[in-house]
Amino acid sequence: MENTDTDKRPLDFIRQIITDDLNSGKHKQSITRFPPEPNGFLHIGHAKSICLNFGVAGEFNGICHLRFDDTNPSKEDVTYVESIQKDVKWLGFDWGEQIFFASDYFDKLYDFAVQLIESGHAFVCQLTPEQMREYRGTLTEPGKESPYRNRSVQENLALFQRMKNGDFPEGSHVLRAKIDMGSPNLNMRDPVIYRILKAHHHRTGDKWQIYPMYDYTHCLSDMLEGITHSLCTLEFQDHRPLYDWVLDTLKTPCHPKQIEFARLNLTYTVMSKRKLLQMVEGNYVDGWDDPRMLTISGLRRRGYTPASIRNFCKTIGIGKSDSRISMGVLENEIRNDLNVKAERRMCVLDPVKVIIDNFPDDRIEEVTGKNHPQDPDRGERSLPFTKELFIERDDFMEDPPKKYHRLGPGREVRLRYGYLIQYASHVKDEQTGEILEIHCTYDPESKGGTAPDGRKVKGTIHWVSAVKGVPVTVNMYDRLFKVEDPEEDKDIDFLEQLNPQSRIVLTQAIAEPALVLLQPGESVQFERQGYFCLDPVQPKKDNKFVFNRTVTLRDSWEKTS
RNA sequence: UGGGGCGUCGCCAAGCGGUAAGGCACCGGGUUUUGAUCCCGGCAUUCGUAGGUUCGAAUCCUGCCGCCCCAGCCA
Numbered sequence: 001m002e003n004t005d006t007d008k009r010p011l012d013f014i015r016q017i018i019t020d021d022l023n024s025g026k027h028k029q030s031i032t033r034f035p036p037e038p039n040g041f042l043h044i045g046h047a048k049s050i051c052l053n054f055g056v057a058g059e060f061n062g063i064c065h066l067r068f069d070d071t072n073p074s075k076e077d078v079t080y081v082e083s084i085q086k087d088v089k090w091l092g093f094d095w096g097e098q099i100f101f102a103s104d105y106f107d108k109l110y111d112f113a114v115q116l117i118e119s120g121h122a123f124v125c126q127l128t129p130e131q132m133r134e135y136r137g138t139l140t141e142p143g144k145e146s147p148y149r150n151r152s153v154q155e156n157l158a159l160f161q162r163m164k165n166g167d168f169p170e171g172s173h174v175l176r177a178k179i180d181m182g183s184p185n186l187n188m189r190d191p192v193i194y195r196i197l198k199a200h201h202h203r204t205g206d207k208w209q210i211y212p213m214y215d216y217t218h219c220l221s222d223m224l225e226g227i228t229h230s231l232c233t234l235e236f237q238d239h240r241p242l243y244d245w246v247l248d249t250l251k252t253p254c255h256p257k258q259i260e261f262a263r264l265n266l267t268y269t270v271m272s273k274r275k276l277l278q279m280v281e282g283n284y285v286d287g288w289d290d291p292r293m294l295t296i297s298g299l300r301r302r303g304y305t306p307a308s309i310r311n312f313c314k315t316i317g318i319g320k321s322d323s324r325i326s327m328g329v330l331e332n333e334i335r336n337d338l339n340v341k342a343e344r345r346m347c348v349l350d351p352v353k354v355i356i357d358n359f360p361d362d363r364i365e366e367v368t369g370k371n372h373p374q375d376p377d378r379g380e381r382s383l384p385f386t387k388e389l390f391i392e393r394d395d396f397m398e399d400p401p402k403k404y405h406r407l408g409p410g411r412e413v414r415l416r417y418g419y420l421i422q423y424a425s426h427v428k429d430e431q432t433g434e435i436l437e438i439h440c441t442y443d444p445e446s447k448g449g450t451a452p453d454g455r456k457v458k459g460t461i462h463w464v465s466a467v468k469g470v471p472v473t474v475n476m477y478d479r480l481f482k483v484e485d486p487e488e489d490k491d492i493d494f495l496e497q498l499n500p501q502s503r504i505v506l507t508q509a510i511a512e513p514a515l516v517l518l519q520p521g522e523s524v525q526f527e528r529q530g531y532f533c534l535d536p537v538q539p540k541k542d543n544k545f546v547f548n549r550t551v552t553l554r555d556s557w558e559k560t561s
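Under this note's numbering, think of the first position of the first sequence as 1, with each following residue one higher.
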C-alpha cells in the first residue's frame, strides 16, 4: 500500500481499547475480521469497516480474517462472494490464507446446539411465526413462555435431529435458546437460533435442511477463529447480551469482545443493500457497478482510486454518533489524489467552432503541452494546432460581464499551450440565437501562449483541433439523488428523490488525439473541467471512446447558467 | 409510559477535572498559461439544557429536552 501516513492523529475509541488490551497483556495480538454476507455488492459503508478491521491488523501487527457470513442461502450467491473478494483486494487489503465461511462451521455449530439442548438451554418450538410474534410481547410488555419450552431434553434432541433430517416443512419448527421471555431486551426473549430452510446453499449444497441464525453463528464463528475484537455497527448493540450469552453458556475457551461503531451515511445517496438492490432490479441504474452507485465497483468505474477511498475512511474517523458525511468530503479525497496522479489533457465537451482567419488553411502546427504542470518529470505531449478549432460553448459570450475571463467581442484570450487569439466576428443562427462559429485572428509571435511584448490576457481556455480532434462520448455524472437525505421523509419513496440529471451523456465532445492512448480505467484531468476516466468496463461504444466524469474541478467562478 | 445508544463550529471529529486539536465547507490575501493546484491568514469565551460538586467541569453527579436503534423463522 502506497500510504505513507506519518500523521499523529489521536486513536479512535476502538483503537484505544485494542491498545489497552495489548498493553495489559490480555491479548498478545489483535485478530479482527470483516464478515460480509454474500447477498449484494460491497459499498463505501463496507469500505469503512474494511479499512477499520484490516487497518487495525496492519497497525497493530495483527491479523484480519475475511469471513463470509453465509447462513441464509435463500439470499446469497457465489457471484457476490466473488465480487466481494475482488473489491477487498482492489481496495488494497490482503487476507492472506485467512478466508473463512460461516458455512464451514455448520457441523460444529450443530454440535454446539446439541450441547445447548443437553444442558437445558435450548428447545424445539412449534409455534407458528404469527404465534411467536404474539408470544414475544411488545416493547413495553413482557412476552409469554412458549408451551413447548419445557420439553424434555430427549424430546428436544429427537426433534432437532428430525429437523436436521428434513422431516418437517419450513416454518413448522425452530430451535430456540431458553433465556428470558421477560427481558426488556427483545433479543433475549428466547431467540430463534436455528430454522428450517430447504434451500440450496452455494457451498454446502443440499446437505443441510436447517440453518443457524446470525446471532448464534456470529459469536461462535468469532470464537472458533480466535477473534479478539469483533467490530460491528451500532444496530447490533442490543445483540451483544445474546452474543455474550451464547459464549458464556457454552463455556467456550475464548470470548471475543464485540464493539460497535456508527455506520457510514453520505449526503445525496442511500447506503442500504436492500435499496441498492431495488435500484438495480428496477433498472433505475445500470447495475451494481453503475458509476453513480456508491458501491465499490461503481466507484471504481467512476474513476475513484483505492487510495482516495482509504483516505476518506481515515478522515471521517470512527465514532458512535449517527452522522451523515457530506459528499464533498469524498470528492475532496479523489481530487487530492488525482491532482497528483492524473495527467492533464484537453477535451471540449460542448464544442463551438473557432476559425483563425489569418492561419494558413492546411497547416497543421505542433505545439507542446505539459502532462502535469507541477511535475516536469511527467513530460510533454504534442498538440496539433489548425485553422479550425473547437472551444467550449461556455467560453464565448456575446455580451459578457466584466469579470468574465474568456472570449467575447473585442477580447483576446490565450488558447492553452497554443496562441493568443483576438476576436474578429461571429455568426449565429438568427432564429435560435445559437452561435455557429467565431472568427478570430492569432498572433503568430505568441506560439506557446506568450507574446514577446509581454502583454497579459485575462483568460486561458482549452481547445481541440477541428481536423485532428477525436470524437468521444462523455458521461457527465452527478449526485444520484436531489436531496441530502432521500430517506428523511418517510412518506416519500426514496426512488422519487432520484436526480433526473444524475447522468448526462455528451455525444458531441471532441478530444485531443493523445486521449486515445489511455488504458481502460485510466484517469486524466480534462483541463478546466474535472477528472475523467476511460470507462474500464466499456471503453468503446459505437466505435467511440467513452469517458466517465469522476468529479469536477473545484470551481470558484459562479456559473451563471 | 420497556431496553440500548448518541448529543462539542454549517458537516465530521479530538478532548479522558486544569482552562476548546484537526479535516471538509466558508471568508479574505498572494502565486499561477487550468477561474484548478499551491501558499498565507480568518473562522466555537464555548461544548443539547437546567442545576449541583470543585479553587477549577466539555470532562464528575442529578433532572429535563432532542435524535437514533430494537417487537425477521434477515444480517
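Here a beta-carbon is modelled for each residue, glycine too, at the ideal position from N, C-alpha and C.
Note that the coordinates shown come from a computational prediction; the quantities given were computed from them, not determined experimentally.
Near the ligand MG: residue i beta-carbon under 7 angstroms from a heavy atom
i	result
K273	No copy of the ligand MG appears in this structure; indeed no ligand is present at all.
8 angstroms CB neighbourhood of residue i in its chain, flanking five on each side removed
i	result
C347	H462, V464, V472, V474, A509, I510, A511, E512, L515, F526, Q529, F532, F547
I14	L52, V56, H229, L231, I259, F261, I318
S74	L197, A199
Distance between residue j and residue i (C-alpha atoms, nearest Å)
i	j	result
P129	R195	11 angstroms
F236	F261	9 angstroms
V340	E434	38 angstroms
G521	L534	5 angstroms
R9	I318	12 angstroms
T138	V537	50 angstroms
W288	T267	19 angstroms
L517	Y110	58 angstroms
M163	H200	16 angstroms
T552	L338	11 angstroms
K108	D290	40 angstroms
H121	E155	14 angstroms
A113	T228	23 angstroms
S446	V270	52 angstroms
S502	Q519	25 angstroms
K207	L22	41 angstroms
With 16 other Cβ atoms within 10 Å as the buried cut-off, status of residue i
i	result
L234	exposed
R176	buried
E225	buried
L436	exposed
T140	exposed
N185	exposed
S24	exposed
I31	buried
R133	exposed
D565	Since the first and last residues shown for the chain are 1 and 561, residue 565 lies out of range.
C313	buried
D5	Residue placement at D5 cannot be trusted, given a pLDDT of 39 that sits under 50; what the coordinates show is reported in the next sentence. Exposed is the call here.
V153	exposed
Close Cβ partners of residue i (< 6 angstroms) along its chain, the five nearest in sequence each way excluded
i	result
T460	R414, R416
R549	M476, Y477, G530, F532
I179	M188, D190
W95	L66
Expected contact under 8 angstroms - CB spacing of residue i and residue j to nearest Å
i	j	result
K144	E170	Not a contact, Cβ separation roughly 24 angstroms.
A466	T368	Actually they do not touch by this definition, with Cβ atoms about 20 angstroms apart.
Y419	N358	In fact, because the Cβ distance is near 11 angstroms, the residues do not count as touching under 8 angstroms.
P384	K468	4 angstroms
D87	I309	The Cβ separation is near 10 angstroms, so there is no contact.
P142	G205	Actually they are not in contact, since the Cβ atoms of P142 and G205 sit about 42 angstroms apart, beyond 8 angstroms.
N311	E333	5 angstroms
F494	K273	With 8 angstroms as the limit, F494 and K273 do not qualify as a contact, their Cβ atoms being about 14 angstroms apart.
R335	R554	7 angstroms
H173	L157	With 8 angstroms as the limit, H173 and L157 do not qualify as a contact, their Cβ atoms being about 13 angstroms apart.
G408	E398	7 angstroms
A424	C440	5 angstroms
S230	K257	7 angstroms
V470	R345	That belief does not hold up - the Cβ atoms of V470 and R345 are roughly 11 angstroms apart, past 8 angstroms.
Neighbourhood of residue i by C-beta, 7 angstroms cutoff - its chain only, sequence neighbours within 5 removed
i	result
V285	M279, R292, M293
R378	E343, N371, H372
Q115	L250
L242	N187, M188, P191, D215
If you pair each beta-carbon of the region 272 to 282 with each one of the region 238 to 248, do three or more pairs fall below 8 angstroms? no
For the region 344 to 360 against the region 391 to 404, do three or more pairs of beta-carbon atoms, one drawn from each stretch, fall closer than 8 angstroms, so that the two count as touching? yes
Counting Cβ pairs, one atom from each stretch, are 3 or more of them under 8 angstroms apart for the region 47 to 61 and the region 75 to 83? no
Is the number of C-beta pairs between the region 161 to 169 and the region 33 to 50 that are closer than 8 angstroms three or more? no
Does the region 97 to 104 come close enough to the region 56 to 69 to have 3 or more Cβ pairs within less than 8 angstroms? yes
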